Each structure stands twice: as C-alpha cells, then as structure tokens.
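Written out below as structure tokens is the structure these notes cover.
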Amino acid sequence: MASVGKGYALILFSVFFALIIMGSMAHVAVFDEYWQKRAEEAKKTVREAYHPNPEEVTNHLNIHVHDQGNRFIAPPLINPKANAQQVTKREYSPESVWKNWLWRSEGDLMMNGAYFVPSGSPKASFPFSKADMISAKPGTYVTRLTRFSGALNCKIGKPC
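See below:
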C-alpha cells in the first residue's frame, strides 16, 4: 500500500516538474505585439519631444486642456503685476507658442475676479471622442460635492 502512495507522489512530482520546465521555456516575459507597439510609440513621442530649447518642449506637452466643472477662486488683488487672477498663466512659454495650444473652459465657476484665457482655434476638436469623456457637472456643484472633504480627525493609537 505504501508503494502505491509513493508511485502517485512520483507521478505528481514528475507532472509538476514537467510543467515548471515548460513554463520556463514559454518566454512569458517577452512582450506581445500590442505592448511592443505601445513601447515604440512612447519612445517616438519622447524623441519628438526633445528639444534643446525649453520653449520648444512645451509644444509637445500639455497642449490639450479641456477644463470642465471646476471652481476657481482668485486671491485678493494685492499686486496687479502678479496677475494671480488668471487661471491659465503660461509664464514658461511665450504667447507665440501657447496661442496654438488647445485650452478650453466649460461650465467653470470663476470667483473673485478669476478668469480663463482660452487658446487654439475655436473650431479645433480635441484628440479624444465624446464617448471617452465623463460628463462634468457645472462648477456651481463644487461646494456640494466637497462639503465633507478635509482632514480626518484621527488620534494616535485609535482607529480613524
């Protein structure tokens, strides 16, 4: 009876050993075609974005902004030169660069003098479809949506 149990154990061990050997030879770590294509696209984008001039780098990054349903409260106007009321301050690139970026604001609530400067062609469309978008609520909903947000009142050694 004991020899039968050893026989089953030996067969079971042999099967598992064979599976481990086959799995190690399956090249599981090799990318499939989809991920290889995505990796090549990412490398191409990075190569295109490189420019020795920092102003040219911004042409490839953050050029599409579709702002929806936010609330912007500008700080008090203490220094008019600071222009802190402008939501879309683009100090890191000249207007000749950012005027072609596609930046839009829809349904945002601008408070205390805050304002959004759109850019790009008004007829241009975003590089994503409406089906990819989540419909936003207007900026007036922000207070209701965030009324219970904030830091938790936690004590050391006790559950929050």
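Going letter by letter, the sequence shown gives residues -26 to -1, 1 to 134 in mature numbering (1 follows the signal peptide of the UniProt record, and there is no 0).
Even for Gly, the Cβ is constructed at its ideal location relative to N, Cα and C.
Treat the numbers as computed from the prediction; the structure is a model and nothing was measured.
Residue i burial status per 10 Å Cβ neighbour count (16 or more: buried)
i: Trp9; result: exposed
i: Asp82; result: buried
Reference residue i, options the options, closest by Cα
i: Gln42; options: Val61, Ser95, Lys111; result: Lys111
i: Pro92; options: Phe(-11), Arg78, Ser99, Ala98; result: Arg78
i: Phe90; options: Tyr24, Ser70, Arg45; result: Arg45
i: Lys97; options: Asn74, Pro49, Asp106, Val20; result: Asn74
i: Val39; options: Met107, Gly131, Lys(-21); result: Met107
i: Ser70; options: Asn53, Leu51, Gly94; result: Gly94
Cβ neighbours of residue i in the same chain (closer than 7 Å, five flanking residues each side left out)
i: Ile47; result: Met85, Asn86, Ala88
i: Val61; result: Phe46, Ala88, Tyr89, Phe90
Own chain partners of residue i with C-beta closer than 6 Å, once the 5 adjacent residues on each side are dropped
i: Glu80; result: Gln42
i: Thr114; result: Leu83
Spatial neighbours of residue i in its chain, beta-carbon cut-off 8 Å, leaving aside the 5 residues before and after
i: Lys63; result: Asn57
i: Ser(-13); result: none
i: Cys134; result: Leu126, Asn127, Cys128
i: Leu(-8); result: none
Straight-line gap, residue i to residue j (C-alpha atoms, nearest Å)
i: Glu65; j: Glu15; result: 30 Å
i: Ser123; j: Thr117; result: 10 Å
i: residue 145; j: Lys104; result: Since the displayed the chain opens at -26 and closes at 134, residue 145 lies outside it and no answer follows.
i: Lys(-21); j: Leu(-15); result: 10 Å
i: Lys132; j: Pro49; result: 38 Å
i: Val7; j: Lys17; result: Going by the sequence as given, residue 7 is Glu instead of Val. Rounded to the nearest angstrom, the two C-alpha atoms are 15 Å apart.
i: Thr19; j: Leu(-17); result: 54 Å
i: Asn53; j: Gln59; result: 11 Å
i: Ile130; j: Arg121; result: 25 Å
i: Leu76; j: Leu51; result: 28 Å
i: Ile(-6); j: Lys11; result: 29 Å
Reduced DSSP secondary structure (H/G/I, E/B, other) of residue i
i: Tyr66; result: coil
i: Arg45; result: strand
i: Trp72; result: helix
i: Gln59; result: coil
i: Tyr89; result: strand
i: Leu(-8); result: helix
i: Leu(-15); result: helix
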